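In my numbering, the protein residues as written are 147 to 493.
C-beta atoms are modelled at their ideal positions from N, C-alpha and C, and glycine is treated no differently.
These numbers were taken from a predicted model, which means no experiment stands behind them.
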């Protein structure tokens, strides 16, 4: 089992443009920093966490009841908690691939037998029929990464609902990872929570909110499920700096800032990038969020010389994932990409 490769070092340069981990490319809203400073200045760092009204703040933000949400240490802990709750050695887990590495890592830790229907074709379309066929009595958990990472591929609401319904009929849990929800809000299935007790939804604040270093996320499910998951998560796992940052969501300005950033990425930068790719014959995944999967030999190495980091991928082999940032970021990225293509054509 190979561990998920985290960005341990080499990402501290101020002049670098980081398009490798799907992060927000600009600092978080000032009110988030104010909430953090306020907590630190209160002189309570020596005390264990006290979460107060955090559940209410998170519930209001995502649109569910306060007893239907549990804060987590990023989306990764959400995956781990749900995997530990439902999967034991030898159980079958459906994880379509390629996808986020933490799903497989967590399943392997539990000793799961992983079933991996492959995303299809050059556009990496979701293998809906294959997933549906694999939902059988011995399966304990189905993973839906929606939209998928690293391809950005959508899973439609109809597809997701059909899968959840079939899984529910066999008492199989479904984990829907909506880490990139703000980029594709129409695809959410959070409204299905009340109807399906087998549905668990994960969200993260590492993307559009801009606090991946603080590790902040949540799980949404029915009340009785949350009560059981709380027993698995440690009582003090989520640190108070992350709590302070998440509580900033009670400010309308912060929610508006999230939407503003996502809107710039999706309506300004993404069309620029896709037009460039199409004009230059670059094949890219059918992404509905703020990144693409590409297969362009030599691009990763060249971009690094220009101070632009993109993510090399081993699955599929030879691919890279490039995030999309602000308009200014995109202009810099495309300028470097143009230089790369010119040098390539000159040889």
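Pick helix, strand or coil for residue 169, following the three-state DSSP scheme.
Note: residue 169 maps to coil in three-state DSSP.
Do you know offhand how far residue 199's Cα is from residue 448's?
Their backbone Cα atoms lie some 48 Å apart in a straight line.
Grouping DSSP H, G and I as helix and E and B as strand, with all else coil, what is residue 220?
It is helical.
Can you give me the C-alpha to C-alpha distance between residue 320 and residue 257, rounded to a whole angstrom?
Approximately 18 Å, taken between the alpha carbons.
Relative to the C-alpha of residue 452, which candidate in 462, 252, 475 and 461 has its C-alpha closest?
Closest by alpha carbon: 475.
Just confirm the distance between the C-beta atoms of residue 419 and residue 480, as a whole number of angstroms; I'd bet it's less than 8 Å.
Indeed they touch by this definition, with Cβ atoms about 7 Å apart.
Tell me whether residue 322 sits in a helix, a strand or coil according to DSSP, three-state version.
Of the three classes helix, strand and coil, the one that applies to residue 322 here is strand, per DSSP.
Can you name, in chain order, every residue of its own chain whose Cβ lies under 7 Å from the Cβ of residue 268, other than the five neighbours on each side?
Correct list, in chain order: 429.
Quick check on the burial criterion: 16 or more other C-beta atoms within 10 angstroms. Buried or exposed for residue 187?
Classification of residue 187: exposed, given that the 10 Å Cβ count is below 16.
Kindly identify the DSSP beta-bridge partner or partners of residue 255.
According to DSSP, which records beta bridges pairwise, residue 255 is partnered with nothing at all.
Return the CA-CA distance between residue 248 and residue 465, expressed in angstroms with no decimal places.
C-alpha separation (whole angstroms): 19 Å.
Going by alpha carbons, who is nearest to residue 436 out of 423, 472, 424 and 427?
Among 423, 472, 424 and 427, the Cα nearest to that of residue 436 belongs to 472.
Taking contact to mean at least 3 C-beta pairs separated by less than 8 Å, is the region 331 to 345 in contact with the region 366 to 377?
Touching, yes, given that three or more Cβ pairs across the two stretches are closer than 8 Å.
Identify the continuous alpha helix (DSSP H) that holds residue 487 and give its terminal residues.
First-last of the alpha helix (DSSP H) with residue 487: 473 to 492.
Determine contact between the region 215 to 234 and the region 200 to 207, defined as no fewer than three beta-carbon pairs at a distance below 8 Å.
The region 215 to 234, when compared against the region 200 to 207, does touch it at the 8 Å Cβ threshold.
With burial defined as no fewer than 16 other Cβ atoms inside 10 Å of the residue's Cβ, what is the status of residue 181: buried or exposed?
Counting Cβ neighbours within 10 Å, residue 181 comes out buried, since at least 16 surround it.
Cβ atoms of residue 299 and residue 433: under 9 Å apart, would you say?
Yes, they are a contact pair.
Residue 400 and residue 360: beta carbons closer than 9 Å?
No, the Cβ-Cβ distance between residue 400 and residue 360 is not below 9 Å.
Is DSSP giving residue 441 helix, strand or coil here?
Three-state DSSP puts residue 441 in coil, outside helix and strand.
Could you check the C-alpha separation between residue 282 and residue 238 for me, to the nearest Å?
Distance between the alpha carbons of residue 282 and residue 238: 9 Å.
Would you grab the beta carbon distance between residue 241 and residue 250 for me? Rounded to a whole angstrom, and I think it's under 8 Å.
About 6 Å separates the two Cβ atoms, so the contact holds.
Out of curiosity, what's the CA-to-CA distance linking residue 347 and residue 317?
Approximately 17 Å, taken between the alpha carbons.
Tell me which same chain residues have a C-beta within less than 6 Å of the C-beta of residue 207, skipping the five on either side of it?
Excluding residues within five positions, the ones whose Cβ falls inside 6 Å are 395.
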